[in-house]
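Chemist:
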Amino acid sequence: MRIELNESRIVAALAKLIGELESQYHFNYSNLKSLWEIIETLDSDSFCQLHKNVYFADFLREIKLLDNSVQLQSNTLETEQRDVLSSNLETPSESSSLYEDFDQSNTDIKTEEDKLAKKVEEKKINEDFDVPNLSTPLDEVNLPAKYLKLIKRLRNVGFNNSSFNLGDTFGDLIDLSVSEIASLNGVGASYVDTFKMLKSRVLSKANFPINQTSNTKNEFDISKIDTSNFLVCLAGVEFRFIKPLEKYARYMDMELSKLMSNFDLILALDASKLIKLRGFGQGVVDALVDFKKIVLKEIQKISMGTKNYLSFESDIIVPRLANEISLGEIEKLLLDDIDKYLDKLAEGDAEIAQLRWGFVEEKATFEEVGEMFDVTRQRMQQKEKKINDQLLLNLRLKPETLWKFLQPQMQPFLKDKVKNLYECFSSEKAFYEFLDIVCEKDNLYEYVYPEFDKNILNSYFAENGAPVHLDDAITVLEDLDLEGIQNLHNIILSLKNQGVILIDDDQLSPRLLGKSEAVACVLFDHQKGLPWQDIAKLVNFNGYSRSEIYEDRLDSEAFKHKDYIYLAGKGLYKHTRFINAELIHLDNVFAELDKYFDATSRDVVHLNQCYHSSDYLKQFDYYEIRHFVKHFGEDFGYFFVGRSQSDSVGKEKGFKNITQREVILEAMQNAGKPITKPEIATLLKSKSLAHAAFYLDKMVEEGRVAQVERQLYSTPQLAYRDINVPAYLDLMQEILMKYGLPLDTSIFQKEINNKLSVSYSKYFYLGIARCYASQRGWHRAHGLFSLMPIKFKNIRDALSTFCSRDMPRDEAVSLLRKHIAITKENANKIVQSWKHDPSNCK
71 MRIELNESRI VAALAKLIGE LESQYHFNYS NLKSLWEIIE TLDSDSFCQL
121 HKNVYFADFL REIKLLDNSV QLQSNTLETE QRDVLSSNLE TPSESSSLYE
171 DFDQSNTDIK TEEDKLAKKV EEKKINEDFD VPNLSTPLDE VNLPAKYLKL
221 IKRLRNVGFN NSSFNLGDTF GDLIDLSVSE IASLNGVGAS YVDTFKMLKS
271 RVLSKANFPI NQTSNTKNEF DISKIDTSNF LVCLAGVEFR FIKPLEKYAR
321 YMDMELSKLM SNFDLILALD ASKLIKLRGF GQGVVDALVD FKKIVLKEIQ
371 KISMGTKNYL SFESDIIVPR LANEISLGEI EKLLLDDIDK YLDKLAEGDA
421 EIAQLRWGFV EEKATFEEVG EMFDVTRQRM QQKEKKINDQ LLLNLRLKPE
471 TLWKFLQPQM QPFLKDKVKN LYECFSSEKA FYEFLDIVCE KDNLYEYVYP
521 EFDKNILNSY FAENGAPVHL DDAITVLEDL DLEGIQNLHN IILSLKNQGV
571 ILIDDDQLSP RLLGKSEAVA CVLFDHQKGL PWQDIAKLVN FNGYSRSEIY
621 EDRLDSEAFK HKDYIYLAGK GLYKHTRFIN AELIHLDNVF AELDKYFDAT
671 SRDVVHLNQC YHSSDYLKQF DYYEIRHFVK HFGEDFGYFF VGRSQSDSVG
721 KEKGFKNITQ REVILEAMQN AGKPITKPEI ATLLKSKSLA HAAFYLDKMV
771 EEGRVAQVER QLYSTPQLAY RDINVPAYLD LMQEILMKYG LPLDTSIFQK
821 EINNKLSVSY SKYFYLGIAR CYASQRGWHR AHGLFSLMPI KFKNIRDALS
871 TFCSRDMPRD EAVSLLRKHI AITKENANKI VQSWKHDPSN CK
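Quick note, the sequence shown lines up with residues 71 to 912 if you use our numbering.
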């Protein structure tokens, strides 16, 4: 039987078969020296499945079994002769017989021994020849016949294969890799071996590349090229180089990424030295030398100006320090390199990468991907790490370069600026987790969307008002030394996106302050303070507070922040920054309180009384002193209660506070004589005459205060201590019975003064009547008294009932006196006032 082989197709089928087996079973083919060693790595089931493999079938189909067979002669050969025979078998045509009758051999060779002798002689000639200059044109090279035959075959193949370029010089031929030659249709195994011998001969004579002195365009001197800014990238290099490079990196005791950044180690690759290393087979050495040549060829292109590596035109050489690069260029480079890398990966690894990155696939967990591929979570983590490590080697943009240009853009709007890249990912978080990988950073999602207290600037707004400048806000955040926050501007943007602040031309205004913080923010710009209603309107108008402040009543929740707000008058509030804090010494304030308590021998006092008794305290605004006593008193052993306008200070917590009425009564008792309404007003926190009149009116009604004169008040005990009050009340009773009408106190004044020869004012009698009317059972309507119910509210009401404003005054006086007992003089005054302004008539 004769066997016929189609060598070129067998080589192609075997290459595809080995690649398929490596991808499927993950063995390291660089450590295996024969197809049999590969087959031995398979288990029985896998071996049985080979018959279904299309590449295995293609391989077998190219082995033709012919009808006629010949008996091969057995010859005893010397070892050297067998080597020569095996290494120099040549196929004269694309389809030829491996075993043929030796009678059909060259007629000049009569015996097998003669043929072997010729082969030995040819080997000596082939091994001992002068290596041509690398710049020598291929048409002019002087080489043994078998090498010239190789060149001719490669040229013929090139005519029919546009993707293959033999080149013009001997250096171009040597630059070709063994794998390139082996993959060509029409180039059999013997040609591949011949090419290996030629390369070996050239490399043994000089460490490629050889620096020539010729000035041809194809030559370059690597020593004259500055490679200090060069980094090697695998984006443009076949995946088959990874394992040999990893092996070399392990030998050099470093990571592969470190090797790729060490240009000297790559340029130092020497086949003659590598082959001597333990574990470095011919396949590994060839791959490493081929890789070195690829790198050198790329450097030559860069040196000749045909590629600009600084603009990332090269897929193999990239810059350590890159020029300015736009986000659009970054996006394009990443997308191109990712696609090329995924194409290099085995199908399963590419799917794992996409699932774990969330790239064009829904992002999956380690557990989910592990279940799909029937591996453990730990194994999936290992696979992902290897995939990601190799990804970095296949990116033209290195992590430090990427981060240099992405960091200033690492804000929420980044996804809009690289929209094509962003939309490849299943979620925004997956997008940033991928950037974690390619930038070699952690938690970039949190970098862009940091976690922090959204009230982080509230105190600053309360202390400094609004708006504030962006730079000032950043300075505040810097001072906080926030752990884990890498970009403070992203806090500002996050606050804006959450609606916490409003940004207008680098000016920041709050939107979700607490009520009291919003009040403080408004008060910051009002040195004289504002009434609560105005504050509420400003806060609501500016939208500073997360909830509106009541405008129809005092919102106590909005004015309670002691650090920023203090009561500065009746219904008036100020920012604490306007307090003379540097001038008011707390020790002196509470020393004055101590003295006052000692002087009065009381456990509870009214702060206002203490304030007016102290020359030191009166140097400052009462409300500033009140603020310090209220908020710092407990540190000095004093407790403050400000309910019901009392401003009471005591030495025991929970004491009963002193009311404003008690303050008035105490002031009257201490004075020992009647005091005026303005004097009483000064005792009140509000200092208001209206408030003083209100309290006095109520207290007179209750009989606790007596009105001695129009503006003079005292306690009944003091006002009437020299008066026989019962006797006066009896006389008043008689007068009321005498007139039988509602009676104005001017009648009491006229009749009692005449009878007792005294000269008290009508206010004196009004005070007695008001104090004791209830006790005597008298009816009262404002300043009128009667033993019977009074039909009108006051004198004005009576005038409106019985008189008209256009009638003569005398007629109106006469009508008034018919219904009310009043002196003619007082009636004239009242009618006159009523005719001009009825609202003034009492």
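Every residue gets a Cβ at the ideal spot worked out from N, C-alpha and C, and that includes glycine.
I need the boundaries of the alpha helix (DSSP H) containing phenylalanine 504, first residue and last residue.
Modeler: Translated into positions along the sequence shown, residue 504 becomes position 434. Start and end: 498-509.
Chemist: Identify, in the order they occur along the chain, each residue of the same chain with its Cβ nearer than 6 angstroms to the Cβ of alanine 500, setting aside the five sequence neighbours on each side.
Modeler: Translated into the one-based positions of the sequence shown, residue 500 becomes position 430. If we look at alanine 500 and ignore the five residues flanking it on each side, its Cβ neighbours are Gly428 and Lys433.
Chemist: Helix, strand or coil: how does DSSP classify alanine 839 here?
Modeler: For the purposes of this step, residue 839 is identified with residue 769 of the sequence shown, where counting begins at 1. Note: alanine 839 maps to helix in three-state DSSP.
Chemist: Rounded C-beta distance between arginine 846 and glutamine 787? I'm assuming under 8 angstroms.
Modeler: Here residue 846 refers to the residue found at position 776 when the sequence shown is read from its first residue. Here residue 787 refers to the residue found at position 717 when the sequence shown is read from its first residue. Not quite, the Cβ-Cβ distance comes to about 19 angstroms (not below 8 angstroms), so this is no contact.
Chemist: Could you round the C-beta distance between proline 537 and serine 579 to whole angstroms and report it? I think they count as a contact, below 8 angstroms.
Modeler: Along the sequence shown, one-based indexing puts residue 537 at 467. Along the sequence shown, one-based indexing puts residue 579 at 509. So it is a contact: roughly 5 angstroms between Cβ atoms.
Chemist: Buried or exposed: glycine 853, going by 16 or more other Cβ atoms within 10 Å of its Cβ?
Modeler: By one-based count along the sequence shown, residue 853 stands at place 783. Classification for glycine 853: buried.
Chemist: Start and end of the alpha helix (DSSP H) containing lysine 362?
Modeler: Start at 1 with the first residue of the sequence shown, and residue 362 comes out as number 292. First-last of the alpha helix (DSSP H) with lysine 362: 352-374.
Chemist: Can you check whether the CB of tyrosine 379 is closer than 7 angstroms to the CB of isoleucine 387?
Modeler: Indexing the sequence shown from 1 puts residue 387 at position 317. Indexing the sequence shown from 1 puts residue 379 at position 309. Yes, Cβ-Cβ distance for isoleucine 387 and tyrosine 379 is below 7 angstroms.
Chemist: According to DSSP, simplified to helix, strand and coil, what is leucine 582?
Modeler: Here residue 582 is taken as the residue at index 512 of the sequence shown, counted from 1. Of the three classes helix, strand and coil, the one that applies to leucine 582 here is coil, per DSSP.
Chemist: According to the neighbour-count rule (16 or more other Cβ atoms, all chains shown, within 10 Å of its Cβ), is leucine 344 buried or exposed?
Modeler: Looking up residue 344 in the sequence shown gives position 274. So leucine 344 counts as buried.
Chemist: Using DSSP with H/G/I as helix, E/B as strand and the rest coil, what is isoleucine 387?
Modeler: As a position in the sequence shown, residue 387 is number 317, starting the count at 1. Here isoleucine 387 carries a strand assignment [DSSP, helix/strand/coil].
Chemist: Report the CB separation of aspartate 238 from alanine 305 in whole angstroms; it is logged as a contact under 8 angstroms.
Modeler: Here residue 238 refers to the residue found at position 168 of the sequence shown. Here residue 305 refers to the residue found at position 235 of the sequence shown. At roughly 28 angstroms, the Cβ-Cβ gap does not stay under 8 angstroms, so aspartate 238 and alanine 305 are not in contact.
Chemist: Would you call the CB atoms of leucine 558 and isoleucine 573 closer than 7 angstroms?
Modeler: The residue labelled residue 558 in the question sits at position 488 within the sequence shown. The residue labelled residue 573 in the question sits at position 503 within the sequence shown. Not a contact, by the Cβ cut-off of 7 angstroms.
Chemist: DSSP beta-bridge partners for lysine 850?
Modeler: By one-based count along the sequence shown, residue 850 stands at place 780. Contrary to the premise, residue 850 reads as arginine rather than lysine in this sequence. Phe855.
Chemist: Using beta-carbon positions only, say whether valine 674 and glycine 639 come within less than 7 angstroms of one another.
Modeler: By 1-based counting over the sequence shown, the position of residue 674 is 604. By 1-based counting over the sequence shown, the position of residue 639 is 569. Cβ distance not < 7 angstroms, so valine 674 and glycine 639 don't count as in contact.
Chemist: How about the region 875-883 and the region 894-901: do they share at least three Cβ pairs that are nearer than 8 angstroms?
Modeler: yes
Chemist: Output the distance between the C-alpha atoms of leucine 236 and glycine 228, rounded to the nearest integer angstrom.
Modeler: Your numbering for residue 236 matches position 166 in the sequence shown. Your numbering for residue 228 matches position 158 in the sequence shown. Cα to Cα, the separation comes out at about 7 angstroms.
Chemist: Can you give me the C-alpha to C-alpha distance between glycine 353 and valine 262, rounded to a whole angstrom?
Modeler: On the sequence shown, residue 353 is found 283 positions in, with the first residue counted as 1. On the sequence shown, residue 262 is found 192 positions in, with the first residue counted as 1. Answer to the nearest angstrom: the Cα atoms are 13 angstroms apart.
Chemist: With a threshold of 16 other CB atoms inside 10 Å of the CB of phenylalanine 278, please say whether the residue is buried or exposed.
Modeler: To locate residue 278, count along the sequence shown from 1; it is residue 208. Low local confidence applies: a pLDDT of 40 at phenylalanine 278 is under 50, so the model's placement there is unreliable, with the coordinate-based value given in what follows. Result: buried.
Chemist: Candidates Gly724, Arg581, Asp867 and Ser716: which alpha carbon is nearest glutamate 736's?
Modeler: Along the sequence shown, read from residue 1 onward, the residue named residue 736 stands at position 666. For the residues Gly724, Arg581, Asp867 and Ser716, the minimum Cα distance to glutamate 736 belongs to Ser716.
Chemist: Give, in chain order, every unbroken run of the alpha helix (DSSP H) that is at least 4 residues long and sits entirely within the region 454-501.
Modeler: 469-476, 484-487 and 489-492
Chemist: Is DSSP giving lysine 644 helix, strand or coil here?
Modeler: As a first step, residue 644 must be located in the sequence shown, where it is residue number 574. Here lysine 644 sits in strand by DSSP.
Chemist: Beta-carbon within less than 7 angstroms of isoleucine 280's beta-carbon, same chain only, minus the 5 sequence neighbours each way: which residues are those?
Modeler: Working through the sequence shown from its first residue, we reach residue 280 at position 210. In this prediction, isoleucine 280 has a pLDDT of 38, which is less than 50 and means its spatial position is unreliable; what the coordinates show is noted afterwards. Only Leu204 meet the Cβ criterion.
Chemist: In chain order, what are the residue ranges of uninterrupted alpha helix (DSSP H) at least 4 long that sit wholly in the region 724-769?
Modeler: 730-741 and 747-752
Chemist: Which residues mark the beginning and the end of the alpha helix (DSSP H) in which serine 298 is found?
Modeler: Position 228 of the sequence shown holds residue 298. First-last for serine 298: undefined, no H or E at that position.
Chemist: Below 6 angstroms CB to CB, which residues in the same chain sit around phenylalanine 240 once its five sequence neighbours on both sides are set aside?
Modeler: On the sequence shown, position 170 is the one that residue 240 refers to. These residues qualify, in order along the chain: Pro202, Leu204, Thr206 and Val211.
Chemist: Starting from the C-beta of histidine 41, find all residues in its chain whose C-beta is less than 7 angstroms away, skip the five residues before and the five after it, and write them out in chain order.
Modeler: Here the chain has residues from 71 to 912 only, and residue 41 is not among them.
Chemist: Can you check DSSP and say which residues form a bridge with tyrosine 636?
Modeler: Within the sequence shown, residue 636 is the residue found at index 566, counting from 1. Its beta-bridge partners are Lys644.
Chemist: Do the CB positions of cysteine 494 and proline 469 come within less than 7 angstroms of each other?
Modeler: Looking up residue 494 in the sequence shown gives position 424. Looking up residue 469 in the sequence shown gives position 399. For cysteine 494 and proline 469, no; Cβs fall outside 7 angstroms.
Chemist: Please state the DSSP three-state secondary structure of glycine 89.
Modeler: In the sequence shown, counting from the first residue as 1, residue 89 sits at position 19. Helix.
Chemist: Tell me serine 260's beta-bridge partners as DSSP assigns them.
Modeler: Here residue 260 refers to the residue found at position 190 when the sequence shown is read from its first residue. DSSP output for serine 260 lists no bridge partner at all.
Chemist: Under a three-way DSSP split, which group does cysteine 680 fall into?
Modeler: Looking up residue 680 in the sequence shown gives position 610. Three-state DSSP puts cysteine 680 in a helix.
Chemist: One question on the structure: do alanine 891 and tyrosine 798 come within less than 7 angstroms of each other, judged by their Cβ atoms?
Modeler: Within the sequence shown, residue 891 is the residue found at index 821, counting from 1. Within the sequence shown, residue 798 is the residue found at index 728, counting from 1. Contact: no.
Chemist: If I follow the unbroken alpha helix (DSSP H) through phenylalanine 311, where does it start and stop?
Modeler: Counting from 1 along the sequence shown, the entry for residue 311 is found at position 241. No alpha helix (DSSP H) contains phenylalanine 311, which DSSP labels as neither H nor E.
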